[in-house]
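Be aware that the sequence shown starts at 18, since it is given in the working numbering, and climbs by one per residue. For every residue, glycine included, the Cβ atom is placed at its ideal position computed from N, Cα and C. Notes for the one structure printed next.
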Amino acid sequence: MHGVTLARDAAEEQALAHFDRVLGGRGPMAVIEEVGPVSLLQYVDAELGASHFVTLGYGRTGAEVVNPSELVITVRPKQEDDGLTLLRYAVQIAPQMSEITFGSSLVSEHRLVPELGVHGLMFDASPWTDQLDLVLSEDETAIELAVLTLLPMTEADVEFLRERGIEEFDHAVEQTAADVFDLHRTGSL
Numbered sequence: 018m019h020g021v022t023l024a025r026d027a028a029e030e031q032a033l034a035h036f037d038r039v040l041g042g043r044g045p046m047a048v049i050e051e052v053g054p055v056s057l058l059q060y061v062d063a064e065l066g067a068s069h070f071v072t073l074g075y076g077r078t079g080a081e082v083v084n085p086s087e088l089v090i091t092v093r094p095k096q097e098d099d100g101l102t103l104l105r106y107a108v109q110i111a112p113q114m115s116e117i118t119f120g121s122s123l124v125s126e127h128r129l130v131p132e133l134g135v136h137g138l139m140f141d142a143s144p145w146t147d148q149l150d151l152v153l154s155e156d157e158t159a160i161e162l163a164v165l166t167l168l169p170m171t172e173a174d175v176e177f178l179r180e181r182g183i184e185e186f187d188h189a190v191e192q193t194a195a196d197v198f199d200l201h202r203t204g205s206l
């Protein structure tokens with residue numbers, strides 16, 4: 018692990034402060050690596066039994082985002098390497114995607130990571146806290162930061178999304194007993 022070497026702009030400083038406030042109290046934070054202009058950070062959450070990997074500088078990728086945005090993926094213990102691989106993939110593919118916002122998805126006919134059953138990623142709201150998703154201006158009239166949670170999708174999830182749409186998919190995420198953070202999950206939500 019090493020320190021952040023890139024200079025941060027005001028939006029990135031705001032994102033870092035937001036992550037520290039929402040995730041920082043739940044364990045140590047570490048900078049894992051840099052993917053081009055984006056830093057990847059890790060927050061360990063003992064209470065949730067998971068690790069959160071976040072981007073810092075996602076706006077530098079050239080991704081077409083609606084609001085200033087960062088990404089987060091949450092994974093179970095012993096799945097950190099695969100979670101980091103999925104986050105790297107999302108950062109690298111971002112400039113090739115059309116507009117990215119809540120409800121966007123990245124799907125593939127093939128597994129994104131060969132060892133996993135992950136065929137897609139949904140850019141969505143956090144399923145575990147509503148404090149992570151948005152940072153509003155002081156007067157609450159503008160979104161200053163959107164944090165898009167990457168939800169891993171199985172082949173069955175991708176088919177569910179195609180057949181039923183984003184609203185039913187989001188409802189299924191909210192209602193499921195399935196562990197949406199488990200990268201080795203099989204079947205649909």
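is_contact[residue i, chain D] using C-beta, thresh 8 Å
{"i": "VAL39", "result": "No chain D is part of this structure, which consists of one protein chain only."}
DSSP-derived helix/strand/coil call for residue i
{"i": "GLN148", "result": "coil"}
{"i": "PHE119", "result": "coil"}
{"i": "ASP26", "result": "coil"}
{"i": "HIS136", "result": "coil"}
{"i": "VAL124", "result": "strand"}
{"i": "ALA174", "result": "Reading off the sequence shown, one finds Asp at residue 174, where the question assumed Ala. Helix, per DSSP."}
Length of the line joining the Cα atoms of residue i and residue j
{"i": "VAL108", "j": "ALA163", "result": "15 Å"}
{"i": "ALA142", "j": "ALA28", "result": "20 Å"}
{"i": "ALA67", "j": "VAL92", "result": "5 Å"}
{"i": "ASP99", "j": "LEU200", "result": "8 Å"}
Close Cβ partners of residue i (< 8 Å) along its chain, the five nearest in sequence each way excluded
{"i": "PRO144", "result": "THR166, LEU168, VAL190, GLU191 and VAL197"}
{"i": "LEU153", "result": "ALA159, ILE160 and GLU161"}
{"i": "MET114", "result": "ALA80, GLU81, SER121 and LEU123"}
{"i": "HIS127", "result": "HIS136"}
{"i": "ILE117", "result": "ALA80, GLU81, VAL82, VAL83, SER86, ALA111, PHE140 and LEU165"}
{"i": "PHE177", "result": "GLU185, PHE186, ALA189, SER205 and LEU206"}
Of the listed residues the options, nearest to residue i (C-alpha basis)
{"i": "GLU172", "options": "PRO131, ASP99 and LEU149", "result": "PRO131"}
{"i": "ALA195", "options": "GLY41, MET170 and ASP37", "result": "MET170"}
{"i": "VAL52", "options": "VAL39, LEU73, GLY204 and ALA34", "result": "LEU73"}
{"i": "VAL14", "options": "GLU64, LYS95, VAL55 and ALA63", "result": "A query on residue 14 cannot be resolved here, the shown segment of the chain reaching from 18 to 206 and no further."}
{"i": "ARG25", "options": "GLY76, ARG179, LEU103 and LEU40", "result": "GLY76"}
Exposure label - residue i; buried when at least 16 CB within 10 Å
{"i": "ARG236", "result": "Residue 236 is absent from the model: the chain starts at 18 and stops at 206."}
{"i": "ALA32", "result": "buried"}
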